[in-house]
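K.L.:
In the numbering used here, the protein residues as written are 3 to 391. Take this structure first; my questions come after.
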Amino acid sequence: MKTAIWLYMFLFLAFFDLHAQYPILTPFAVSLGAAPVFIGWMMGVYALTHLPGNLIAGTVIDRHGSRRYIIFSLVSAGIVLLLQSQVHYPWQLLALRSISGFVLAFLSPACLTLLASLSSDKVTQGKFMSGHGVVHTLASVVSPAAGAFIVAKAGYSVTFQSLGWLLIATGIMAIFSVPSSLRQSAPATVMNEAAPAPEPVQKSQVPWRIYILPFVISCSQGILFFELPLRATGVDGIMSTGILFSVMSIGALITLSMLFVNRYSPYKRVLGGIFVLALCFYCLAALRSIPLTATLFILGMAKGIIFPAMASLFIELSGGSKLGRVFSLQSIAMSIGSFFGPITAGQLRTNVSPYYIAFVLLMVGLMMLPISRKPGSLLHPNVNQTPAS
Numbered sequence: 003m004k005t006a007i008w009l010y011m012f013l014f015l016a017f018f019d020l021h022a023q024y025p026i027l028t029p030f031a032v033s034l035g036a037a038p039v040f041i042g043w044m045m046g047v048y049a050l051t052h053l054p055g056n057l058i059a060g061t062v063i064d065r066h067g068s069r070r071y072i073i074f075s076l077v078s079a080g081i082v083l084l085l086q087s088q089v090h091y092p093w094q095l096l097a098l099r100s101i102s103g104f105v106l107a108f109l110s111p112a113c114l115t116l117l118a119s120l121s122s123d124k125v126t127q128g129k130f131m132s133g134h135g136v137v138h139t140l141a142s143v144v145s146p147a148a149g150a151f152i153v154a155k156a157g158y159s160v161t162f163q164s165l166g167w168l169l170i171a172t173g174i175m176a177i178f179s180v181p182s183s184l185r186q187s188a189p190a191t192v193m194n195e196a197a198p199a200p201e202p203v204q205k206s207q208v209p210w211r212i213y214i215l216p217f218v219i220s221c222s223q224g225i226l227f228f229e230l231p232l233r234a235t236g237v238d239g240i241m242s243t244g245i246l247f248s249v250m251s252i253g254a255l256i257t258l259s260m261l262f263v264n265r266y267s268p269y270k271r272v273l274g275g276i277f278v279l280a281l282c283f284y285c286l287a288a289l290r291s292i293p294l295t296a297t298l299f300i301l302g303m304a305k306g307i308i309f310p311a312m313a314s315l316f317i318e319l320s321g322g323s324k325l326g327r328v329f330s331l332q333s334i335a336m337s338i339g340s341f342f343g344p345i346t347a348g349q350l351r352t353n354v355s356p357y358y359i360a361f362v363l364l365m366v367g368l369m370m371l372p373i374s375r376k377p378g379s380l381l382h383p384n385v386n387q388t389p390a391s
């Protein structure tokens with residue numbers, strides 16, 4: 003538990019740092035003279051360079067553990083931000099964002115793998131995943147507004163320098179606090195002596211079509227993170243965008259606090275969350291009469307349901323084995339979606355609302371998902387119901 007507390011603290015600082023950039027990156031690129039199409043490519047390239055990092059992370063994390071890659075990712079990303087504070091041309095920002103995308107590709111798989119390895123019990127693993135979501139959301143509640151506030155008071159350069167030093171300090175703290183290795187225990191091996199021996203857990207059985215989930219979700223996220231900051235005009239606009247991101251995070255925090263939701267099947271939670279997410283994007287595209295803050299608040303609530311449930315879904319489908327590779331493939335799917343999302347929005351926003359594109363992608367993703375009719379299957383609606391003995 004001590005390791006989990008330390009890890010949550012590092013995750014909070016890292017997520018605070020990263021989310022603080024969301025409302026300011028697009029205005030910063032505009033201040034350098036970048037066009038919307040270039041901004042879309044800048045955000046897309048960041049996701050594209052995630053791919054080689056994710057591919058490498060899947061193997062090396064399972065082989066060497068998470069600690070060194072958490073430290074590497076945090077310190078390297080901090081150095082990139084320090085360099086980013088000195089750029090003067092859009093192509094320099096593009097190059098640094100591509101490097102940042104690669105080094106940060108190790109962080110999420112390493113943290114999720116370390117959290118999952120703290121226990122072999124599925125219920126406890128689910129709680130750790132929910133804790134990850136709570137920490138992530140708490141950081142994202144205050145960080146967008148904080149980033150916009152620092153820019154308003156001190157400018158872009160000081161903001162990036164502050165965020166860079168924060169990441170480096172977090173990485174140094176991780177050197178002394180994150181254990182070098184954790185004993186990998188097979189799932190369900192720690193049992194009461196009076197209980198019968200469990201059946202052997204199968205190795206990774208994650209259907210490839212399940213990876214559509216992180217793809218369509220991240221694609222819609224990339225569209226939102228591209229389109230929403232373009233509303234910003236001047237300092238007041240940046241502050242307003244930061245507050246909107248914070249409103250969305252508050253919505254996520256509320257659903258993450260509803261612990262009774264964890265009693266339901268992760269598959270059903272993901273499906274329901276994606277459906278609500280799609281409806282929110284439809285409202286952003288077509289129902290402009292609905293207040294933007296209300297739509298983003300509900301959108302955040304859907305995210306608060308989706309992400310912990312999706313992590314639990316991958317853990318259960320994998321059988322608890324090769325978690326580094328499983329979460330790496332999940333990150334790859336998210337990176338591809340994050341690449342196509344902003345690029346598509348930048349290319350087509352003059353012809354069709356990018357929010358409508360996100361709505362269509364989410365609905366298509368829902369229709370392509372497999373639904374098992376076999377009772378007791380993880381993908382069956384009654385998956386979490388224990389069969390009568």
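Idealized CB from N, CA, C, for every residue including glycine. Predicted, not measured: the structure shown is a model, and the values here were computed from it.
Should Tyr91 go down as buried or exposed, given a rule of 16 or more other Cβ atoms within 10 Å for buried?
P.N.:
If you number the sequence shown from 1, residue 91 lands on position 89. Counting Cβ neighbours within 10 Å, Tyr91 comes out exposed, since fewer than 16 surround it.
K.L.:
Do Ser259 and Ser411 count as a contact pair if the criterion is CB distance below 9 Å?
P.N.:
For residue 411 there is no data in the structure shown, the boundaries of the chain being 3 and 391.
K.L.:
Rank Ala107, Met11 and Phe17 by C-alpha distance to the C-alpha of Ile338 and give the top, closest one.
P.N.:
Residue numbering aside, residue 338 sits at position 336 when the sequence shown is read from its first letter. If we check each option's Cα against that of Ile338, Ala107 comes out closest.
K.L.:
Just the Cα atoms here: how many angstroms apart are Pro216 and Val328?
P.N.:
The residue labelled residue 216 in the question sits at position 214 within the sequence shown. The residue labelled residue 328 in the question sits at position 326 within the sequence shown. For Pro216 and Val328, the distance between alpha carbons rounds to 12 Å.
K.L.:
Starting from the C-beta of Ala280, find all residues in its chain whose C-beta is less than 6 Å away, skip the five residues before and the five after it, and write them out in chain order.
P.N.:
Position 278 of the sequence shown holds residue 280. Cβ within range, chain order: Phe361, Leu364 and Met365.
K.L.:
Assuming Leu232 and Pro54 are in contact, meaning their beta carbons sit under 8 Å apart, how far apart are those beta carbons, in whole angstroms?
P.N.:
As a first step, residue 232 is located in the sequence shown; it is residue number 230 there, counting from the start. As a first step, residue 54 is located in the sequence shown; it is residue number 52 there, counting from the start. Actually they are not in contact, since the Cβ atoms of Leu232 and Pro54 sit about 29 Å apart, beyond 8 Å.
K.L.:
Could you compute how far the alpha carbon of Gly103 sits from the alpha carbon of Thr352?
P.N.:
The residue you call residue 103 lines up with position 101 of the sequence shown. The residue you call residue 352 lines up with position 350 of the sequence shown. About 28 Å.
K.L.:
For a cutoff of 9 Å on Cβ pairs, would you count Ser142 as touching chain D?
P.N.:
This model lacks chain D altogether; it includes just one protein chain.
K.L.:
Count the CB pairs spanning the segment 141-159 and the segment 20-39 that are closer than 8 Å, and state whether there are at least three.
P.N.:
With the cut-off at 8 Å, the segment 141-159 and the segment 20-39 touch.
K.L.:
Count Cβ pairs between the segment 292-307 and the segment 108-118 that sit closer than 8 Å; are there 3 or more?
P.N.:
Output reads no: the segment 108-118 does not touch the segment 292-307.
K.L.:
Just to confirm the assignment, what range does the alpha helix (DSSP H) spanning Ala171 have?
P.N.:
The residue given as residue 171 occupies position 169 in the sequence shown. Its alpha helix (DSSP H) spans residues Tyr158 to Ser179.
K.L.:
What residue does the alpha helix (DSSP H) around Ala36 start on, and which one ends it?
P.N.:
The residue you call residue 36 lines up with position 34 of the sequence shown. Counting along the chain, Ala36 falls outside any alpha helix (DSSP H), and DSSP gives it neither H nor E.
K.L.:
Taking the alpha helix (DSSP H) that Pro216 falls in, what are its first and last residues?
P.N.:
Position 214 of the sequence shown, counting from 1, holds the residue named residue 216. It spans Ile214 to Glu229 - the alpha helix (DSSP H) in which Pro216 sits, taken as one unbroken run.
K.L.:
With distances taken between CB atoms, is the gap from Ala6 to Gly133 smaller than 9 Å?
P.N.:
As a position in the sequence shown, residue 6 is number 4, starting the count at 1. As a position in the sequence shown, residue 133 is number 131, starting the count at 1. In contact: Ala6 and Gly133 (Cβ atoms closer than 9 Å).
K.L.:
Using the beta-carbon count (16 or more within 10 Å), is Gln88 buried or exposed?
P.N.:
For this step, residue 88 is matched to residue 86 along the sequence shown. Exposed.
K.L.:
Assess contact between the segment 341-359 and the segment 211-231, defined as three or more Cβ pairs (one per stretch) separated by less than 8 Å. Is contact present?
P.N.:
Judged by Cβ distances under 8 Å, the segment 341-359 makes contact with the segment 211-231, as three or more pairs qualify.
K.L.:
Under three-state DSSP, which class holds Ile81?
P.N.:
Working through the sequence shown from its first residue, we reach residue 81 at position 79. In this structure, Ile81 counts as helix in the three-state DSSP scheme.
K.L.:
Please confirm whether Ile1 and Leu371 have their CB atoms less than 9 Å apart.
P.N.:
An answer regarding residue 1 cannot be provided, because it is not within the stretch 3 to 391 covered by the chain.
K.L.:
Would Val180 and Phe17 qualify as a contact pair, given that the criterion is a beta-carbon distance under 9 Å?
P.N.:
Along the sequence shown, one-based indexing puts residue 180 at 178. Along the sequence shown, one-based indexing puts residue 17 at 15. No.
K.L.:
According to DSSP, is Ala154 helix, strand or coil?
P.N.:
Against the sequence shown, residue 154 aligns to sequence position 152. Ala154: helix per DSSP, three-state reduction.
K.L.:
Under a three-way DSSP split, which group does His90 fall into?
P.N.:
Against the sequence shown, residue 90 aligns to sequence position 88. If DSSP states are grouped into helix, strand and coil, His90 belongs with coil.
K.L.:
I'd like to know whether the C-beta atoms of Phe341 and Gly135 end up nearer to each other than 9 Å.
P.N.:
In the sequence shown, residue 341 corresponds to position 339, counting from 1. In the sequence shown, residue 135 corresponds to position 133, counting from 1. Not closer than 9 Å, so no.
K.L.:
Using the three-state DSSP reduction, which class does Val362 fall into: helix, strand or coil?
P.N.:
Locating residue 362 in the sequence shown gives position 360, counting from the first residue. Residue state, collapsed to three classes: helix.
K.L.:
Alpha carbons only, please: which of Thr295, Leu169, Gly274 and Ile41 is nearest the one belonging to Ile72?
P.N.:
Translated into positions along the sequence shown, residue 72 becomes position 70. The candidate whose alpha carbon is nearest that of Ile72 is Leu169.
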